[in-house]
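Trainee: In UniProt numbering, the protein residues as written are 1 to 489. A virtual CB, placed ideally from N, CA and C, is assigned to each residue, including glycine.
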């Protein structure tokens, strides 16, 4: 920890010394007098030596050390922002706090963008590699190449992934727009820079989801979905499912059979079809997840509020990019308890920004759209989010009590699912706001996120509705008959 920090500090001193010896204009005082410049920088050097002396800081986190150094440095040079001169032929130096934060590229000696990532060097490597691959479609090649040339770290670009790098395909499910498979990406994504070889080390044998372009989707729709996911690659806290890149299934049945884990499976990828390679969710979609949680003592109200806070924040980030999801339902909310940094995550961005009214899961579509005449808005997504709130608190899908009727007719009559008497009143009222007949009265995603944060903050207070509801929930788990009766209300 100290070694890397000291190396960076030595670079700073070296630059300061060079500026003093060469009399760089950027190191002169406001009146340009050399004597004043020398005295000023001698004093600053003494202060810096005291600041960076061995043993000055205890063994804290790197971030804490960087913050202390940056704050003190800024205080000392607040009237002199150009302490370090621009090296000949180099780009303009970034503010000192960024150099302290990210360091210097070992290849070109320019400041790094994020972590070990040098945008200039990595862009050259990507460009040199363009001749070694092709998707066999110019639009896809262009989409991937542009994302690589503009990448600012090891996570915010797409790759062309040769199908030979993926093994052991398993069929999972399919819908109108896609088929989903599970596989192992043997090469895996970039992880960290090896300081000795100055090369990136990948994480091998990563489990991935493979989303095949379905019969109901054309190439433009497929590319639109990839682009929509790309918009969130730089936002590592977005909780929008990550897309690693694109691959293409083999062109003949023999190669496809080799690709499968179960060679006799009747569910196979379509030959010569483009496929999105995405992060895998170990716990499946939200419906798979909550069906196993109905009697789980650990699936507390606090846990549910955490999930909803994350999902509302993800939805707010989607809306902030002038996007409307249009197909928000349990199947497009993915879960993985082992990866809390990426999940829960929203997926299924294929319909975002399409002008036509999509056909989704009817029970999650706002009633005003059932006639197919009204344009989808962010308020449409909020209605869908309200249904997700109901699913999370009741651990089942809505309208199951109407087995023999048309769901569209039921929704026109009932408008919203029945609410159990054991759901906290404030929670029930917020769901009702999401289902308001007047779409303009529905809350924004940002308001939902703030409400969930506030409920979490006061969760353990004596008068918390959620704490009371949690005690009642645990009592019901101990009495299964009562539990079933309550959920059927």
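Taking 8 Å as the cut-off, does the stretch 301-315 touch the stretch 233-241 (at least 3 CB pairs, one atom from each stretch)?
Mentor: Short answer: they touch.
Trainee: Leaving out five residues before and five after residue 169 in sequence, what residues of the same chain have Cβ atoms less than 8 Å from its Cβ?
Mentor: For residue 169, where only same-chain residues beyond five positions count, the Cβ hits under 8 Å are 181, 182, 183, 210, 259, 260, 261, 269.
Trainee: Jot down the residue ranges of each uninterrupted alpha helix (DSSP H) in the stretch 345-394, minimum 4 residues, whole runs only, in chain order.
Mentor: Qualifying alpha helix (DSSP H) stretches, in chain order: 378-394.
Trainee: Please list, in chain order, all residues of the same chain as residue 391 whose beta carbon is under 8 Å from its beta carbon, the five residues on each side excluded.
Mentor: Same-chain partners within the cutoff: 286, 287, 290, 330, 397, 398.
Trainee: Please list, in chain order, all residues of the same chain as residue 120 whose beta carbon is under 7 Å from its beta carbon, the five residues on each side excluded.
Mentor: Answer for residue 120: 108, 110, listed in chain order.
Trainee: Per the contact definition of three or more C-beta pairs closer than 8 Å, is the stretch 439-447 in contact with the stretch 300-307?
Mentor: No, because fewer than three Cβ pairs between the stretch 300-307 and the stretch 439-447 fall closer than 8 Å, the two stretches do not touch.
Trainee: Assuming the contact rule is C-beta atoms closer than 8 Å, residue 234 and residue 156 should be a hit. Round their C-beta distance to whole Å, please.
Mentor: Rounded, the Cβ-Cβ distance is 4 Å, consistent with contact.
Trainee: Cα separation between residue 479 and residue 470?
Mentor: For residue 479 and residue 470, the distance between alpha carbons rounds to 14 Å.
Trainee: Examine the Cβ distances between the stretch 417-425 and the stretch 274-283 and report whether three or more of them are shorter than 8 Å.
Mentor: Touching, no.
Trainee: For residue 338, which residues of its own chain have a beta-carbon under 7 Å away from its beta-carbon, when the five flanking residues on both sides are left out?
Mentor: Within the same chain, residue 338 has close Cβ partners 282.
Trainee: Out of 464, 427, 388, 382, point me to the one whose CA is closest to residue 439's CA.
Mentor: Of 464, 427, 388, 382, the residue nearest in Cα terms is 382.
Trainee: Specify the secondary structure class of residue 469 as computed by DSSP and reduced to three states.
Mentor: Helix.
Trainee: Would you tell me roughly how many angstroms separate the C-alpha atoms of residue 214 and residue 427, rounded to the nearest one?
Mentor: Straight-line Cα distance between these residues: approximately 38 Å.
Trainee: With 16 other CB atoms within 10 Å as the buried threshold, where does residue 31 fall?
Mentor: Unreliable positioning characterises residue 31 in this predicted model, as indicated by a pLDDT of 45, which lies under 50. The coordinate reading is nonetheless provided below. Per the 10 Å Cβ criterion, exposed.
Trainee: Just the Cα atoms here: how many angstroms apart are residue 317 and residue 264?
Mentor: Straight-line Cα distance between these residues: approximately 43 Å.
Trainee: Candidates 207, 173, 456, 106: which alpha carbon is nearest residue 300's?
Mentor: When each option's Cα is compared against that of residue 300, the closest is 456.
Trainee: Roughly how many angstroms separate the alpha carbons of residue 132 and residue 147, rounded to a whole number?
Mentor: Distance between the alpha carbons of residue 132 and residue 147 is about 17 Å.
Trainee: Tell me the DSSP bridge mates of residue 192?
Mentor: DSSP output for residue 192 lists 201 as bridge partner(s).
Trainee: Among the candidates 477, 144, 153, whose CA atom is the shortest distance from the CA of residue 161?
Mentor: Among 477, 144, 153, the Cα nearest to that of residue 161 is on 144.
Trainee: Kindly provide the ranges of any alpha helix (DSSP H) runs that are 4 or more residues long and lie completely inside the stretch 99-130, ordered along the chain.
Mentor: Taking only runs of at least 4 residues, the alpha helix (DSSP H) segments lying wholly in the stretch 99-130 are 119-129.
Trainee: Rounded to a whole number of angstroms, what is the C-alpha to C-alpha distance between residue 98 and residue 464?
Mentor: Low per-residue confidence applies at residue 98: pLDDT is 49, beneath 50, and the placement is therefore not dependable enough to give any value.
Trainee: Quick check on residue 152: does DSSP put it in helix, strand or coil?
Mentor: Coil, per DSSP.
Trainee: Considering just the uninterrupted stretch of the beta strand (DSSP E) at residue 343, what are its terminal residues?
Mentor: Neither: residue 343 is in no beta strand (DSSP E) and is coded neither H nor E.
Trainee: With which residues is residue 243 paired in a DSSP beta bridge?
Mentor: DSSP lists 278 as partners of residue 243.
Trainee: Counting pairs of Cβ atoms below 8 Å between the stretch 221-231 and the stretch 247-258, do you hit three or more?
Mentor: Touching, no, given that fewer than three Cβ pairs across the two stretches are closer than 8 Å.
Trainee: Which one of 185, 461, 387 has the shortest CA to CA distance from residue 206?
Mentor: Closest option to residue 206, Cα to Cα, is 185.
Trainee: Tell me, which residues are paired with residue 180 by DSSP?
Mentor: According to DSSP, residue 180 bridges with 173, 211.
Trainee: Are there 16 or more other CB atoms within 10 angstroms of the CB of residue 400, so buried, or fewer, so exposed?
Mentor: With fewer than 16 other Cβ atoms within 10 Å, it is exposed.
Trainee: Per DSSP, residue 167 is paired with what?
Mentor: In the DSSP output, where bridge partners are listed per residue, residue 167 has 184.
Trainee: Thinking residue 272 and residue 249 are a contact (beta carbons under 8 Å), I'd like their distance in whole angstroms, please.
Mentor: Their Cβ separation, rounded to whole angstroms, is 6 Å, which keeps residue 272 and residue 249 in contact under 8 Å.
Trainee: With C-beta atoms as the reference, is residue 152 less than 8 Å away from residue 116?
Mentor: No, they are not a contact pair.
Trainee: When the distance is taken between beta carbons, is residue 334 closer than 8 Å to residue 341?
Mentor: It is not a contact, given that the beta carbons lie outside the stated cut-off.
Trainee: Buried or exposed: which applies to residue 423, given that a residue is buried once 16 or more other Cβ atoms fall within 10 Å of its Cβ?
Mentor: The residue is buried, with at least 16 neighbouring Cβ atoms inside 10 Å.
Trainee: Residue 149 and residue 123: beta carbons closer than 8 Å?
Mentor: The answer is yes: Cβ separation under 8 Å.
Trainee: How big is the Cα-Cα spacing for residue 346 and residue 454?
Mentor: About 22 Å.
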